[in-house]
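Residue numbers (this note's numbering): 162 to 598.
Quick reminder that beta carbons are idealized off the backbone N, C-alpha and C, glycines included.
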């Protein structure tokens, strides 16, 4: 059988591309168990779901790995489908239920626990992967449950300060980003004064429901969303004094500097930066490209939008949420060994270097190191080792789905006290967090 690489888009094409995964693996197929068969004689298929960032940002890496896979498994039919974040989970759930799931799937690191707990992912052995001894621990934690590994870190992400250097220069006399929060607030006050005639201008655009940012301040004060107790149960800890301090700090920043609708989330915050309606925001480094895009942004801002480490309370950097993606093999895959081999190729040191060369944070500290001193990546790269993550708990998915943290912040911004709102949020967390979602 000749190898075919099929890039599919849309429901009909997607179903066609995944149908082969439901079949049984016969003798000499790329089956689920270790095989001593010559890879060149193996048959069968491997279906891969990658997110569309790979298609947009490193298509040459995908092609390089697919070519490498084809050379090793010339008779295995490789099928590639690019997904979008908006509907990937719904498609995956339907495919898993219908017996047509992909062999390899990219999962955002907040998505993994649901599929680990419901038995949808196959365990993997880290020993077979390059640089696994220096994988970023925050990513490993998103793949691990009860000492077993169920996915492989792919790339990392961390939030940083994104700022308009020209706006800072005009208001403060310096285009340099402030080194600590006291200096930052002083600079933002000057920016706000400069634009006091524009009621739609936010010196710092910090959306009210932006819980990733709010929980970074909670972490900065030594608080947490939830903790695992000695009785073997998770319980909410937002009502703890340190957590309340962090939430209050975040809310104060929102109320002081955000002049927009405080109920609007962060999903389109880059467009606010692109319209020059803010001097800065807290987000992902790639959002500068959205802000400078010809459509929806302003290409003229390309040379003035910069990134920097976000100062936090007490003279320390603000801890960042560890973002990123993982790659997993589905438990019912009939081609598990070949699927794992594709992941090995896609996350090898050679492959990760392609990401590094594109200023994307790799899955390991070894290759991350040079990015810590590179101007374009230093802020995010230095934030990764100390980054925080959501609780690795059975019911975390339900907490996100029911917008517990979003509702908490919205209620406070409407006037409810931090004390009452966090007490109510903890009660909801306790109700959900120990039950598989």
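Following the DSSP letters along the chain, one finds residue 266 inside the beta strand (DSSP E) bounded by residues 265-269.
Taken in chain order, the complete alpha helix (DSSP H) segments of 4 residues or longer contained in the region 309-378 are 326-333, 342-355.
Per DSSP, the unbroken alpha helix (DSSP H) holding residue 226 starts and ends at 220-233. DSSP links residue 396 through a beta bridge to 388.
Cα atoms of residue 522 and residue 299: separation of roughly 13 Å, rounded to the nearest angstrom. For residue 593, no beta strand (DSSP E) encloses it; the enclosing alpha helix (DSSP H) starts and ends at 579-593. According to the DSSP assignment, residue 477 belongs to no alpha helix (DSSP H), since it is labelled neither H nor E.
Here residue 350 has 364 as same chain residues with Cβ atoms under 8 Å from its own Cβ, once five neighbours each way along the sequence are excluded.
For the pair residue 426 and residue 370, the Cα-to-Cα distance works out to about 5 Å. Between residue 384 and residue 355, the CB-CB gap reaches or exceeds 8 Å.
Per DSSP, reduced to three states, the secondary structure at residue 506 is helical.
Counting C-beta atoms within 10 angstroms of its own C-beta, residue 202 has fewer than 16 neighbours from the protein chains shown and is therefore classed as exposed. The beta carbon of residue 424 is closer than 8 Å to those of 369, 370, 571, 574 in its chain, skipping five residues each way along the sequence. Take the alpha-carbon of residue 398 and the one of residue 218: they are about 39 Å apart. Looking at the backbone, the Cα of residue 540 and that of residue 486 are separated by about 19 Å. Counting C-beta atoms within 10 angstroms of its own C-beta, residue 586 has 16 or more neighbours from the protein chains shown and is therefore classed as buried. About 20 Å separates the beta carbons of residue 395 and residue 567, which is beyond the 8 Å limit, so they are not a contact pair. Secondary structure at residue 454: coil, using DSSP grouped into helix, strand and coil. When DSSP states are grouped into helix, strand and coil, residue 444 belongs to the strand group. Cα atoms of residue 243 and residue 347: separation of roughly 45 Å, rounded to the nearest angstrom.
From the listed residues 488, 581, 526, 517, the smallest Cα separation to residue 208 is found for 488. Pairing residue 453 with residue 520, the inter-Cα distance amounts to about 17 Å. Its chain contains 314, 524, 525 as the residues whose beta carbon lies nearer than 7 Å to that of residue 296, once the 5 sequence neighbours on both sides are disregarded; these appear in chain order. Taking every protein chain shown into account, the CB of residue 360 has fewer than 16 other CB atoms within 10 angstroms, so this residue is exposed. For residue 307, the number of other beta carbons within 10 angstroms of its own is below 16, and it is reported as exposed.
Comparing alpha-carbon positions, the option among 374, 461, 502 lying closest to residue 327 turns out to be 461. In the assembly as shown, residue 339 is a buried residue. Its beta-carbon has 16 or more other beta-carbons within 10 Å. Residue 391 is classed as exposed because its beta carbon has fewer than 16 other beta carbons within 10 Å across all chains shown. Residue environment: residue 357 is assigned as exposed (fewer than 16 neighbouring CB atoms within 10 Å of its CB, all protein chains considered). If you check the CB distance, residue 408 and residue 375 come in under 8 Å.
In this structure, residue 468 lies away from residue 318, with their beta-carbon atoms at least 8 Å apart. For residue 310 against residue 285, the beta-carbon gap comes to about 5 Å, under 8 Å, which counts as contact. In this structure, the straight-line span from the alpha carbon of residue 200 to that of residue 498 is close to 10 Å. A Cβ-Cβ contact shorter than 8 Å links residue 230 with residue 506.
A Cβ-Cβ separation of about 6 Å places residue 418 in contact with residue 367 under the 8 Å criterion. At a Cβ-Cβ threshold of 8 Å, residue 510 and residue 528 count as neighbours.
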